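Visitor:
Protein chains: 2
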Amino acid sequence: MQTQGASHGAPLDLVFHALSDATRRGMVERLSRGPASVSELAEPFAMSLPAVVQHLAVLEASGLVRSDKVGRVRTCRMDERALSAAEDWINERKRLWAGRLDRLGEFLSKQDAATKRGTRKK
Amino acid sequence: MQTQGASHGAPLDLVFHALSDATRRGMVERLSRGPASVSELAEPFAMSLPAVVQHLAVLEASGLVRSDKVGRVRTCRMDERALSAAEDWINERKRLWAGRLDRLGEFLSKQDAATKRGTRKK
DNA sequence: TAATTACTTAGGTCTTCACTTAAGTAATGA
DNA sequence: TCATTACTTAAGTGAAGACCTAAGTAATTA
Chain P
1 MQTQGASHGA
11 PLDLVFHALS
21 DATRRGMVER
31 LSRGPASVSE
41 LAEPFAMSLP
51 AVVQHLAVLE
61 ASGLVRSDKV
71 GRVRTCRMDE
81 RALSAAEDWI
91 NERKRLWAGR
101 LDRLGEFLSK
111 QDAATKRGTR
121 KK
Chain H
123 MQTQGASHGA
133 PLDLVFHALS
143 DATRRGMVER
153 LSRGPASVSE
163 LAEPFAMSLP
173 AVVQHLAVLE
183 ASGLVRSDKV
193 GRVRTCRMDE
203 RALSAAEDWI
213 NERKRLWAGR
223 LDRLGEFLSK
233 QDAATKRGTR
243 KK
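Protein chains in written order, with my numbering: chain P, 1 to 122; chain H, 123 to 244.
See below:
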């Protein structure tokens, strides 16, 4: 239906959805300072461990975070590529928006004409 | 609890949530090329008009889009500031992630020690 | 003035989300 | 070996999302 253009697997839907929750953004903030275990990640939040692990699953599904387990400890780290994919999409929109001025004059004359018809009835 | 830092009212939750849906991103793509009416915005999607208007409401709540009505036509336009707020947050995480190397050596020695204990039992 | 157009409003449904508690299980430490 | 620690799994709940149809309303056009 629509072009997706995800750079390497994780669609933008998942990345933006992952970032739409403050808890998950908090986790990304923490991980952007360096890797952490699940318990370390959970510590700042007043929430059950399973809840934190569910957030983590969302982050992993989006590609923002990866993790592996050594012994009984799962260590999580950020993968900045998913973040870049989101940023790239945003930048492309801003770039097009910056070029929109080409069409602004055209739009304004339409608006003006419409307004005139609306207020003065020709 | 967490610092929000939204530039002018719309929290990042709303911006990222708005961008997490392909239909809404499609609308933003369209609007980044210039303003459009509700019907113009709805045209590419196989969806009822009310559904489109609900997506629009989400976009407006996030600050990504503004609209005003002249006569019976509502014209929508993008507000790039909300997009910049999202981009800023992403950039800050990437910046910190880039600086994380300071802590990498430290982390690796911990990992190494843990692995040794795990596989060889001291 | 009557039809058409461009939305709006008001329900309703089915799914996904963000949690919870209660049990697990598998590694470690004493 | 036995308790602890560090998660995991399972099941459930209440709220939010993403649609829909049907029925307005207000502005234009014929």
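For every residue, glycine included, the Cβ atom is placed at its ideal position computed from N, Cα and C. Here the structure is a predicted model, which means the values were calculated and not measured.
#1: I want to see whether chain P comes within less than 8 Å of His139 (chain H), judged by CB atoms only; does it?
#2: Is it the case that the Cβ atoms of Leu181 (chain H) and Val150 (chain H) are separated by a distance below 8 Å?
#3: Using the Cα positions of Ala98 (chain P) and Ser48 (chain P), report the straight-line distance between them to the nearest angstrom.
#4: Within 10 angstroms of its Cβ, does Met1 (chain P) collect 16 or more other Cβ (buried), or is it exposed?
#5: Please decide whether Val65 (chain P) counts as near chain H, where near means a Cβ-Cβ distance under 8 Å.
#6: Using CA coordinates, which residue listed in H:Arg146, H:Arg217, H:Gly185 and H:Cys198 is at the minimum distance from Pro157 (chain H)?
#7: Does the distance from the CB of Asp88 (chain P) to the CB of Leu64 (chain P) come in under 8 Å?
#8: Since Ala85 (chain P) meets chain H, which of its residues come closer than 8 Å, beta carbon to beta carbon?
#9: State yes or no: is the beta carbon of Asp21 (chain P) nearer than 8 Å to at least one beta carbon in chain H?
#10: DSSP three-state label for Met47 (chain P), please.
#11: Name the residues in the region 177–203 of chain H whose C-beta lies less than 8 Å from a C-beta of chain P; which are they?
#12: Leaving out the 5 sequence neighbours to the left and right, which residues in its chain are closer than 6 Å to Ala140 (chain H) when beta-carbon positions are compared?
#13: Measuring only between beta-carbons, confirm whether Glu29 (chain P) sits less than 8 Å from chain H.
#14: Where does Ala208 (chain H) land, buried or exposed, given buried means 16+ other C-beta within 10 angstroms?
#15: Using a Cβ-Cβ cutoff of less than 8 Å, which residues in the same chain neighbour Leu163 (chain H) once the five nearest sequence positions on both sides are dropped?
#16: With a cut-off of 8 Å, does the C-beta of Lys121 (chain P) fall near any C-beta of chain H?
#17: Taking 8 Å as the threshold (beta carbon to beta carbon), is Ser37 (chain P) in contact with chain H?
#18: Measure from the C-beta of Leu41 (chain P) to each C-beta in chain H and report whether the shortest distance is under 8 Å.
#19: Using a Cβ-Cβ cut-off of 8 Å, state whether Asp88 (chain P) counts as contacting chain H.
#20: Is Ala82 (chain P) buried or exposed, if buried means 16 or more other CB atoms sit within 10 Å of its CB?
#21: Since Leu96 (chain P) contacts Arg188 (chain H) with CB under 8 Å, what's their CB separation in whole angstroms?
#22: Since I believe Ser20 (chain P) is in contact with Phe138 (chain H) (beta carbons under 8 Å), could you give me their beta-carbon distance rounded to a whole number of angstroms?
#23: Can you find a CB in chain H that lies within less than 8 Å of the CB of Leu12 (chain P)?
#24: Where in the region 22–96 of chain P do unbroken runs of the alpha helix (DSSP H), each at least 4 residues long, occur, reported from the N-terminal end onward?
#25: Enumerate in chain order the residues of its own chain whose CB-to-CB distance from Val195 (chain H) is below 7 Å, with the five nearest sequence positions on each side excluded.
Guide: Looking at the coordinates:
#1: Closer than 8 Å to some Cβ of chain P, the Cβ of His139 (chain H) qualifies, so yes.
#2: Between Leu181 (chain H) and Val150 (chain H), the C-beta gap is smaller than 8 Å, which places the two residues in contact.
#3: Cα-Cα distance, rounded: 45 Å.
#4: Note that Met1 (chain P) has pLDDT 35, beneath the 50 cutoff, so the model's placement of it is unreliable and no number is given.
#5: No, its Cβ sits nowhere closer than 8 Å to a Cβ of chain H.
#6: Minimum Cα distance to Pro157 (chain H) is reached at H:Cys198.
#7: Against a cut-off of 8 Å, the Cβ pair of Leu64 (chain P) and Asp88 (chain P) comes out as no contact.
#8: Near Ala85 (chain P) there are no residues of chain H at all, since even the closest Cβ is about 10 Å away, more than 8 Å.
#9: The beta carbon of Asp21 (chain P) sits closer than 8 Å to some beta carbon of chain H.
#10: It is coil, neither helix nor strand.
#11: Along the region 177–203 of chain H, the positions whose C-beta sits under 8 Å from a C-beta of chain P are Val192, Gly193, Val195, Thr197, Met200 and Glu202, read in chain order.
#12: Taken in chain order, the residues that qualify are Arg146, Val180, Leu181, Ser184 and Leu186.
#13: Taking a beta-carbon distance threshold of 8 Å, Glu29 (chain P) counts as an interface residue toward chain H.
#14: With a threshold of 16 other beta carbon atoms within 10 Å, Ala208 (chain H) meets it and is buried.
#15: So the qualifying residues of the chain are Met149, Arg152, Leu153, Val174, Leu178 and Cys198.
#16: Because Lys121 (chain P) carries a pLDDT of 31, less than 50, the predicted location of this residue cannot be relied on, and no value is offered for it.
#17: At a cut-off of 8 Å between beta-carbon atoms, Ser37 (chain P) makes no contact with chain H.
#18: Closer than 8 Å: no.
#19: So, not an interface residue.
#20: So Ala82 (chain P) ends up on the buried side.
#21: No, Leu96 (chain P) and Arg188 (chain H) are not in contact; Cβ-Cβ is about 17 Å, not under 8 Å.
#22: Confirmed, Cβ separation roughly 4 Å.
#23: Interface residue, yes.
#24: Taken in chain order, the complete alpha helix (DSSP H) segments of 4 or more residues contained in the region 22–96 of chain P are 22–31, 38–42 and 49–62.
#25: Counting only Cβ-Cβ distances below 7 Å, and skipping sequence neighbours, we find Ser159.
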